[in-house]
Ligand code: DGJ
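Residue numbers (our numbering): 4 to 721.
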C-alpha cells in the first residue's frame, strides 16, 4: 500500500518502491514529521519535542509540543513558530496569525486536477493523501495533498485553501511543500547563473540561518533554477544520501532551507511572498502549484535518475513524431535576415543532408528586421513572404522536410501596431516609467482580453498552415508589475495571474495544433522548469552554443532533468565547422541531448555537409540510449577539466568523454560501473571488443592541450 494510516500511532505512512515518508498527528491536532528516507529497514519512534526557552506554547500541551521547534508538515505564520512559515493569511482583523489544526484525511486513487496549472500525470499506481486542516477563527480550510509515484520514488505536494469563513482573506505567502528534517549535516546543491551561462553547479554545506534560492522575475529564471538537492557531505554520484526538490511552476518562486536553533532543517518550495498575493473571497478556493521531492540512499546519481524517470513519464507531453526531429535552426546563421528564397535554400539543403526539420527563427513577421519592433504583430511580412505563409510552408514541405516556426507570444514592442492600439495591454505600473529590456515590454497575460487577442491572431495567421513545431521564446523578465485590468488592491496578483494566462495559452496551442511539438525557450534556459516541460517536448538549453560552455550547462541540467529535455545544437563559431576536430567536438557535446544544427548549411563546404549527414545517421543509432536511457555521470566538469558520462538501457552503453578546457596530456580512467562482468561488448566506433570486466575497471581516455578533445564509445553487448 503506497499510503496507509496507522490508527494506533495516529500515523500516516507513504511508501514508494525505495523510500518511506511518515508523519504523526500529535494530540490529534498537529501533523509532525517522523521520517523521510530509505524504505528498507525504516524505523522511527513516536515524535519527541526538542525543548527550548523563549518559545510560545499552548497551555494544554505545555512543553510537549512547541511550534517553534516542531517538525511540522505545514506551518502557519505567527502561530508560535519563528521559522520561515508555509502559509500567511491576512484576516479581517488585520493580523496574519494563522493557526492550523488537523481535522481529517482521505486517501484516493490517482489525483485531482490542479485548475489552470501544469501537474504530473497519474497512472494506476498513483495514490493521493489529502489532509484537512482548519483555522477555526477565520474559517480557512487548508488541504495538504501528498501524491505518491511509487516507481519513480517521487512524492509531490501542493495545497488547496478554501475560505469557509464569513470574511475575505488575503493569502500573503503560500508554500507548496514544507518538510522538516531532524538533521542539518548536509550540503546544498543548487544551480545559479545568468543569460548565456545558466545552471552552474554550486555545492555548499548548510549553515545556521536561512539559505534560499528564488526568482523575483516572473520567470523561473536563468539566475536560479527551482531545483535543488540536499545530500550528505560525502555523498558522491553513486554513494550517500540525497534529497532532491523541484517545483512544477515557471514563474517567481522561493526555495527555502532554514537550519534552526536545535539543528533541525526546514525545507520549503513554493511561491514565496515577495511576488505573490491572492485575495480569497468567501467560498473561494486557491490551489497552489505542485512541488516534488525524491530521496536516494545510493548517491546523487540515483536522485537524478528518479527525477529523469519522473519527468519522462509524468511531465513531458507525448512525442508527436516517431523520431525526435533533428532540426536545422536559422537563428545564428541568419538572425533577422530571412525571406522565402533563402528559407527554401535552407529547406532544400537540410533535407538533402539528413535534417528532419527546418525551424525558421525570429524575423518572419510584421516589420521585424531587428529586435526593436513588431512583437505582437503576428502576421507574415509580405515583402519576405510575398505568396503568404501557407504557400511558403507548402513549398518547404515539397522539399521533403518538416517545418517549425518561432513565436514569442508573451511580449510586445512599443514599436508595434498592437502597442499603438492597446498601450495598456503591457504590464506596467500606473503613471510610472515602462522600463524596457531587449527593447520590449511584457504583455499582461493575466488579462483575458490579451490572451484572446493572441489566440485570435495566431488562429488567423496559421490558418491552413502545416506547422509541425513551434519554438516558443520569451526574452525578458517582468518589472513594474502592475495591470490596468486589475483594481489597486489586486496589483499583488499580477505575477501569478501572468503565469496562469501564459499556461492557458500554452494549453490552447497544444489543443489547436495537436500534432505540433513545442520547443520552449526563454533566451535559452530562462524557464528550464517542470512547468514549461509539461507543455514543451524540449527546451533550448542555453543561448550559449559554445560547446565547451555547453559541457558544464548540460552537466548541471542533467542533475534534475533528463537528456530528452535538452535541445542541443551544433553551431559554427568563427568557422569552427570547417575544422573537422571542432565539428566532431561540437557534435559529441550536442549528443548529450536532442541533436540539432544552427549553422548556415547551404553556404558551408560539401565536406561539412557530408559530415553533418554522417553525424545525423550515426546519432540515430545512439538516440534511444540518449533520449530514453539511464544516465550515469562519471566526471563533474565543475570539479575537473572534463565531463564524462554514459547512457544505458541496461544492455548497451554510449560513453562520452569531453574535455572543455586546455589541459596537459593525461590518461583518465572511465569506469562503466553498471556493465555486466560476464558479457562481451563491441565498441561500434572503434570496432574493438571489450570484456565486461574491462568496462567495469574503466576504459582509458586521453586529455590533450587543446580544449576540444573528445571521444565516444558505443558498447553493444554481444
Ligand atoms: C533568443 C533565443 O534564445 C534565440 O535562440 C533566438 O530565438 C532569439 N531569441 C530570437 O530573437
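For each residue, glycine too, the CB sits at the ideal point set by N, CA and C.
For clarity, every value in this text was computed on a predicted model and none was experimentally measured.
What is the DSSP secondary structure of residue i, counted as helix, strand or coil?
i: residue 163; result: strand
i: residue 391; result: helix
i: residue 64; result: helix
i: residue 85; result: coil
i: residue 269; result: strand
i: residue 305; result: helix
i: residue 534; result: helix
i: residue 561; result: helix
i: residue 662; result: strand
i: residue 511; result: helix
i: residue 149; result: strand
i: residue 553; result: helix
i: residue 14; result: strand
i: residue 318; result: helix
i: residue 499; result: helix
i: residue 91; result: strand
i: residue 296; result: strand
i: residue 506; result: helix
i: residue 7; result: strand
i: residue 100; result: coil
i: residue 245; result: strand
i: residue 718; result: strand
Go to residue i, then tell me how far its beta strand (DSSP E) extends in each direction, as first and last residue.
i: residue 229; result: 227–235
i: residue 41; result: 33–41
i: residue 109; result: 104–112
i: residue 571; result: 569–574
i: residue 329; result: No beta strand (DSSP E) holds residue 329; DSSP gives it neither H nor E.
i: residue 671; result: 670–673
i: residue 289; result: 288–290
What are the boundary residues of the alpha helix (DSSP H) that residue i is part of?
i: residue 134; result: No alpha helix (DSSP H) contains residue 134, which is instead part of the beta strand (DSSP E) from 130–138.
i: residue 526; result: Residue 526 -> no alpha helix (DSSP H), and no H or E assigned at all.
i: residue 460; result: 451–464
i: residue 591; result: 583–593
i: residue 683; result: Segment 683–686 is the beta strand (DSSP E) holding residue 683; no alpha helix (DSSP H) there.
i: residue 647; result: That residue, residue 647, is in no alpha helix (DSSP H); its beta strand (DSSP E) goes 645–651.
i: residue 695; result: 695–700
Under the rule that 16 or more other beta-carbon atoms within 10 Å means buried, what is residue i, buried or exposed?
i: residue 207; result: exposed
i: residue 431; result: buried
i: residue 553; result: buried
i: residue 548; result: buried
i: residue 65; result: exposed
i: residue 615; result: buried
i: residue 22; result: buried
i: residue 672; result: exposed
i: residue 583; result: exposed
i: residue 384; result: buried
i: residue 681; result: exposed
i: residue 601; result: buried
i: residue 14; result: buried
i: residue 667; result: exposed
Between the C-alpha atoms of residue i and residue j, what's the straight-line distance to the nearest angstrom?
i: residue 16; j: residue 86; result: 26 Å
i: residue 79; j: residue 178; result: 10 Å
i: residue 428; j: residue 415; result: 9 Å
i: residue 401; j: residue 362; result: 15 Å
i: residue 691; j: residue 701; result: 15 Å
i: residue 698; j: residue 685; result: 11 Å
i: residue 141; j: residue 282; result: 14 Å
i: residue 518; j: residue 566; result: 22 Å
i: residue 479; j: residue 164; result: 32 Å
i: residue 425; j: residue 456; result: 11 Å
i: residue 544; j: residue 572; result: 9 Å
i: residue 471; j: residue 405; result: 6 Å
i: residue 233; j: residue 77; result: 20 Å
i: residue 174; j: residue 114; result: 24 Å
i: residue 231; j: residue 609; result: 46 Å
i: residue 134; j: residue 90; result: 15 Å
i: residue 117; j: residue 528; result: 25 Å
i: residue 504; j: residue 475; result: 15 Å
Using a Cβ-based criterion (distance less than 8 Å to any ligand heavy atom), does residue i qualify as near the ligand ZN?
i: residue 425; result: Absence of the ligand ZN from the depicted structure is noted, with the ligand DGJ being the only ligands included.
(Q) Quick check for students: name the residue ranges of the alpha helix (DSSP H) that lie wholly in the region 597–635, counting only runs of 4 or more. (A) 609–631
Q) In chain order, which beta strand (DSSP E) runs of at least 3 residues are fully inside the region 171–220? A) 172–184, 189–197, 200–208, 212–218
Q: Run through the region 371–447 for me and flag every whole beta strand (DSSP E) of 3 or more residues, listed as ranges in chain order.
A: 405–410, 414–416, 443–445
**Q.** Any beta strand (DSSP E) of 3 or more consecutive residues that is wholly inside the region 336–364
**A.** 360–363
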